[in-house]
Ligand SMILES: [Zn+2]
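Numbering (this note's numbering), first residue to last: 83 to 201.
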């Protein structure tokens, strides 16, 4: 990819600043100049290769380095900025508990597969 402040990278940063504002997507730190901004892949390049603008955001260097190769929700959750995963719906919990109970019942009442032969 292009160097950090090549013509192409400056154009990407300008497009992202026009779309999202000239601040870090994660912490909101404003950029006085886009030279200080880095470009982060929301979905890590290891998962979604390429430089599509829809997958890019401006980030300050500390946020970009801290996020590294993580999905954004993992990074934001670790920083206390995203909700914890939701608990399963009560119905799902109930069905799972019922399935576990049925499995135990089945184990207790499993018919014997031994063949009894008359001696
Ligand atoms: Zn930041």
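Where is the CB? At the ideal position from N, CA and C, for every residue including glycine.
Note that the coordinates shown come from a computational prediction; the quantities given were computed from them, not determined experimentally.
How big is the Cα-Cα spacing for residue i and residue j?
i: residue 111; j: residue 144; result: 11 Å
i: residue 148; j: residue 182; result: 40 Å
i: residue 151; j: residue 128; result: 7 Å
i: residue 142; j: residue 90; result: 19 Å
i: residue 93; j: residue 101; result: 12 Å
i: residue 130; j: residue 184; result: 42 Å
i: residue 161; j: residue 113; result: 21 Å
i: residue 132; j: residue 163; result: 27 Å
For residue i, would you say it is in contact with chain C, using Cβ-to-Cβ distances shorter than 8 Å as the test?
i: residue 104; result: As a matter of chain content, chain C is missing from the structure shown, which is built from one protein chain.
What is the residue span of the beta strand (DSSP E) that residue i lies within?
i: residue 121; result: 120 to 123
i: residue 98; result: That residue, residue 98, is in no beta strand (DSSP E); its alpha helix (DSSP H) goes 89 to 102.
i: residue 140; result: 138 to 141
Taking C-beta to C-beta, are residue i and residue j nearer than 8 Å?
i: residue 116; j: residue 96; result: yes
i: residue 140; j: residue 99; result: yes
State the CB to CB distance for the pair residue i and residue j, rounded to an integer number of angstroms; the pair is presumed to be in contact (CB under 8 Å).
i: residue 123; j: residue 138; result: 6 Å
i: residue 120; j: residue 87; result: About 10 Å separates the two Cβ atoms, so there is no contact after all.
Determine the extent of the alpha helix (DSSP H) in which residue i is found, giving its start and end residues.
i: residue 158; result: 154 to 160
**Request:** Please write down, chain order preserved, every residue whose beta carbon lies under 5 Å from a heavy atom of ligand 1.
**Result:** Every residue passing the under-5 Å Cβ criterion appears here: 106, 108, 109, 111, 142, 145.
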